[in-house]
Amino acid sequence: MRTLYINIKELLQVREENINKVSGKNMKVLPTIKNAYLLIEDDIIKDFGATEDAPKETIDKVIDASGKIILPSWCDSHTHLVYAGNREQEFVDRINGLTYEEIANKGGGILNSAKTLQETSEEDLYEQSKKRLDTIIKSGTGAIEIKSGYGLTAEAELKMLKVIERLKQNYPIAIKSTFLGAHAVPKEYKTDKDAYVKKIIEEILPQVANAKLAEYIDVFCEDGYFSVADMEAILKAADLFDLKPKVHVNQFNAIGGIKAAVANNALSVDHLEVMKDEDIEALKNTDTMPVGLPLCSYFLSIPYAPARKMIDSGLPFAIATDYNPGSSPSGNMNLVVATACIKMRITPEEAINAATINGAYAMGLSDTHGSITKGKKANLIITKEIPSYGYLPYDFGNSNIEEVVLDGITVS
Ligand code: NIG
Ligand code: FE
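In this text, residue positions in the sequence shown follow UniProt numbering: the first is 1, and each later residue adds one.
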């Protein structure tokens, strides 16, 4: 099946050569073609160029995209989309003055979600998660990473990862799974965190890895959660199973997690709301992608990752939703792009690079996703008729998406 879009007002994130990630210096450049055509064959981008050079032979389907912009689907490299219930009450508690930390110390937060998830059947968890996946696909996400971490027992962590596996099998969207057993210390281990770290390393991780239920390893490296030493021990154990790190670091405190993550070949370091100069230095000239989560900062009213400073220091940068019940109950990448422009002061070009090619890199998918490149997956967003691509973040909170294509097929 061949589909040809012609008269596209502007085709974004066009790359002749596949690249792995956009460096800080060229994040400002968003390569585009005006008045373009795009040819899809089955699930693959076959060709593109100026409309006048569009193929003249008979094509199964020709679509006039006058006035519309086409860009690669969003690549959301950090989510906790599989969870049970919600934490609306904690949202209200925070409005009434409690902090995220105070709520967690009372047994709320991650432990609250873990209790709910442990009591939820796999079937019910699948049904709840599927609804969210359907919604984010409609909002233009074409590749996503999903973490475990609300189970905190072998049984419940495996339940989460099996649900992720089922979503992978039943949906056309690319899904990467991450084992986050070290998300919080369960109540039973409150006075003996080391025993829980040992349990992760010796009991849960081998089961997860042997069942091939995860591709990445994550740890919440933070005061009150897991120390740098805990993280290092878990990453080293996971390395034996070839699970690469993608870790939660520097959300509330800079405790040295970035340097340790880079030393353990992390694919990405995520959150980064609190950054010391030495953290930025540690990321220079490495293969580790810094990932900012602007909706978490928005929802919790905490600082935003210093994206401007990081990009100006020559670092690449990716953005993701952090979709989860506690700190970002939204999986909308359009809002992420707008919030990154508005609150992190990054330009629409930088934000679109951050949400496509760099997001793809941060989940090991940049060979197949994240740009309009021949041979990559035909995962696309076709906008309504809009003045320019900068209008997408400018017109924040409104949907300017007309059509979503996954694997060459229109899904919404
Ligand atoms: O990325 N920071 C750690 N984990 C999640 C939030 C967890 C929660 O509150 O449920 C995050 O923000
Ligand atoms: Fe997270």
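We treat Cβ as the ideally placed atom computed from N, Cα and C, and that holds for glycine.
Look up residue i in the DSSP assignment and say whether it is helix, strand or coil.
| i | result |
| --- | --- |
| Leu-240 | coil |
| Pro-393 | helix |
| Ala-184 | coil |
| Ala-254 | coil |
| Pro-294 | helix |
| Asp-367 | coil |
| Gly-359 | helix |
| Ile-40 | strand |
| Ile-382 | strand |
| Ala-320 | coil |
| Thr-410 | strand |
| Glu-16 | coil |
| Tyr-216 | strand |
| Lys-377 | strand |
| Ile-302 | coil |
| Val-405 | strand |
| Ile-372 | strand |
With 16 other CB atoms within 10 Å as the buried threshold, where does residue i fall?
| i | result |
| --- | --- |
| Ser-388 | exposed |
| Ile-95 | exposed |
| Lys-115 | buried |
| Lys-284 | exposed |
| Met-1 | exposed |
| Gln-89 | exposed |
| Asp-223 | exposed |
| Lys-176 | buried |
| Asn-322 | Here the sequence assigns Asp to residue 322, which means Asn is not the residue at that position. Per the 10 Å Cβ criterion, buried. |
| Val-197 | buried |
| Gln-169 | exposed |
| Asn-324 | buried |
| Lys-190 | exposed |
| Phe-396 | exposed |
| Leu-240 | exposed |
| Glu-127 | exposed |
| Thr-410 | exposed |
| Asp-194 | exposed |
| Gly-256 | buried |
| Val-163 | buried |
Can you pull the DSSP bridge partners for residue i?
| i | result |
| --- | --- |
| Phe-226 | Cys-221 |
| Tyr-150 | According to DSSP, which records beta bridges pairwise, Tyr-150 is partnered with nothing at all. |
| Ala-174 | Ala-143 |
| Val-247 | Val-269 |
| Thr-131 | According to the sequence shown, residue 131 is Lys rather than Thr. Its beta-bridge partners do not exist; DSSP assigns none. |
| Met-289 | Ser-268 |
| Leu-4 | Leu-39, Val-62 |
| Ile-33 | Leu-11 |
| Ser-328 | Asn-324 |
| Ile-45 | Ile-40 |
Can residue i be considered in contact with the ligand FMN, in the sense that its beta carbon sits closer than 8 Å to one or more heavy atoms?
| i | result |
| --- | --- |
| Cys-296 | Here the bound small molecules are the ligand NIG and the ligand FE; the ligand FMN is not part of this structure. |
Which full runs of the alpha helix (DSSP H) of 4+ residues lie inside the region 48 to 129, going along the chain?
88 to 95, 100 to 105, 110 to 118
Say whether the region 67 to 82 touches the region 1 to 11, bearing in mind that this needs 3 or more beta-carbon pairs closer than 8 Å, one atom from each stretch. yes
### Query
Quick check: the region 108 to 123 against the region 184 to 196, are there 3 or more CB pairs under 8 Å?
yes
* To do: Report yes or no: do the region 355 to 375 and the region 74 to 82 share at least 3 C-beta pairs separated by less than 8 Å?
  => yes
- Task: Could you say if the region 18 to 31 and the region 340 to 354 meet the contact criterion of at least three C-beta pairs nearer than 8 Å?
- Result: yes
I'd like to know if the region 376 to 388 and the region 43 to 50 are in contact, where contact means that at least 3 CB-CB pairs between them fall below 8 Å. yes
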